[in-house]
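Under the UniProt record's numbering, the first residue of the sequence shown carries the number 1, and numbering increases by one thereafter. Cβ coordinates follow ideal geometry from the N, Cα and C atoms, glycine included. All figures in this text were calculated on a predicted structure; none of them were measured in a lab. Okay, structure first, notes after.
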Amino acid sequence: MRDSSTTTQASPTLHIVEFIALMALLTSFVALSLDAMLPALNQIGEALQADSLQQVHLTISVFFVGMGVGQLFFGPFADAMGRRAAILLGLVIFALGTVVCMSATSMDMLIVGRIIQAIGVSGPRIASMAIIRDIYVGDAMARVMSFIMMVFILVPMLAPIVGQLVLNAFSWRHIFTLFLIMTIVVGCWFFARQPETLRKDNRRPFRWKKLYASCLRIFRNRTVMGYTVAMGCIFGSFLSYLSASQTIFQTFYQTGDNFPYYFAALAFAVGLASFFNVTMVMRVGMKRLCRIALYGVISFSLIFTALIHQWQGLPPLWVTIVTMFCGFFFIGILFGNLNAMAMQPLGNMAGLGAAIIGSFSSLLAVPIAISIDSYIHTTLYPIGVGFMIFMSLAFLAVNFAERD
């Protein structure tokens, strides 16, 4: 596959601060759509007469199934029609899904709305990544990605708190009203300020035959696929925590309305890791940082599992928070760097590449998360053991990607 260094880069047109803020908001639609709902899961289950706790958790995990499908569409679309068209179309679809969720009368209808939302949010997620790749490469790209992660980490920190406030003042349906307002504001900002970054002579017209050939080239690239599998394993473990976080904090630990603050504290660990990455990635390099973080996250999973065993399945809340904070710090380092390293060889195939990377890692992560969550009943054993197994598999996948 052609090395990305031969690709003509687009020139930045926005001030770096505005560019980072805009890209961070576009990519944060995923976090907003997931985390603002968390405090309302019990009320949603009761209002829509959910069959089980697992069906309620499905409103979180199924989101990534929709994203997996959406990314496969928006990747080629972004390469053929341009980044702006992909983002604007995605925001429209996301808004339609939000309206379906607002008017849901059953869990099935809500899940359909969530899938539509997820398909739509794939447009901004994929195309914003491609815009960044159009302008930046290598360690500079990783640095911008880390800045973006540092900005949009405020969303998972604040979204559950905002969701709880909306829930207290209105109802769970108005959380989706918040999504709709943000869609309109960010869409107008993007439309007015960010020009197209993919030149017409670099676009790839959509043809099934070419799509198939491009997919084969990407799937046969050991570096891309190794890092992508690693991301899927890491994200699947993290998604198992995310889907069950309300159950863990409000049911196991009885934190009540304080749940969003504990959730925010752990989200801060990822933001802190991103800040650390910004300062170190240009000095140390992506690969070395990832290697250190992988050793750290495997050590965390072993220690956490041992602590769960020590306290017969449920350590004190402060022990869980401190241990998870350390583990999530290492995960935060891995998220931005692994994605940047997987995108590095893709050149003008950035849109399709981002689609396959995002889709494949998401579709791998969802069954991992569902399988771990299916064992969560009264203890944290499944979380600890799940992290231990899949972080080790991620380590093997990175070794495969970097094998000479």
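L314 sits close to F252, with the two beta carbons spaced by under 8 Å. Here N221 carries a coil assignment [DSSP, helix/strand/coil].
Taking C-beta separations shorter than 6 Å and ignoring five residues to either side along the sequence, the partners of M324 in its chain run L266, following chain order. In the structure shown, the three-state DSSP call for G113 is helix. Taking the Cα positions, D373 is about 8 Å away from S243. Per DSSP, L89 is one residue of the alpha helix (DSSP H) stretching across 83-102.
If you ignore the 5 residues before and after Y262, its C-beta comes within less than 7 Å of the C-beta of F249, T255, I321, all in its own chain and listed in chain order.
Only exposed fits H377, as fewer than 16 other CB atoms lie within 10 angstroms of its CB.
Each of M282, Q164, I116 was checked against the Cα of T59, and the nearest Cα belongs to I116. Per the C-alpha coordinates, the member of Y295, A342, N339, Q344 positioned closest to G327 is Y295. No residue range can be given for D201, since it is assigned to no alpha helix (DSSP H) and is classified by DSSP as neither H nor E. Assignment of R403 by DSSP, reduced to helix, strand and coil, places it in the coil class.
Between E196 and the set P156, M102, D79, the nearest pair of CA atoms involves D79. When the Cα atoms are used, T305 and L289 turn out to be separated by approximately 24 Å. By the criterion of at least three beta-carbon pairs nearer than 8 Å, the region 36-44 is not in contact with the region 76-95.
Scanning F179, M282, A273, R283 for the CA closest to the CA of F329 turns up A273.
The Cβ atoms of R222 and F400 sit closer than 8 Å to each other. The DSSP assignment places complete alpha helix (DSSP H) segments of no fewer than 4 residues inside the region 248-325 at 259-284, 286-310, in order along the chain. Straight-line spacing of the CA atoms in G70 and G358 works out to 10 Å.
H57 sits buried, since 16 or more C-beta atoms from the chains shown fall within 10 Å of its C-beta. Closest option to G336, judged by alpha-carbon separation, among V65, D257, F276, R403: F276. Non-local C-beta neighbours of S106 in its own chain, meaning closer than 6 Å and more than five positions away in sequence, comprise L48, ordered along the chain. A straight-line Cα-Cα distance of about 7 Å links I383 and Y241.
An exposed status is given to C188, since fewer than 16 other beta-carbon atoms sit within 10 Å of its beta-carbon. CA-to-CA, the gap between S237 and V65 works out to about 16 Å. For V30 against V121, the beta-carbon gap comes to about 6 Å, under 8 Å, which counts as contact. Between I161 and the set M388, A269, V270, D257, the nearest pair of CA atoms involves D257. Going by C-alpha positions, G90 is about 40 Å away from L302. Only residues of its own chain outside the window of five on either side were considered, and among them T223, G226, K287 have a CB closer than 8 Å to the CB of E402, listed in chain order. For G123, the closest alpha carbon among the candidates I175, L26, V166, M109 is that of L26.
Around the CB of T279, fewer than 16 other CB atoms lie within 10 Å, so the residue is classed as exposed.
For A36, the three-state secondary structure derived from DSSP is coil. An exposed status is given to Q312, since fewer than 16 other beta-carbon atoms sit within 10 Å of its beta-carbon. Put simply, of Q54, Q43, K209 the residue whose alpha carbon is nearest the alpha carbon of S371 is Q54. D51 sits in coil when the DSSP states are folded into three classes, being neither helix nor strand. For F179, the uninterrupted alpha helix (DSSP H) run begins and ends at 173-193, by DSSP.
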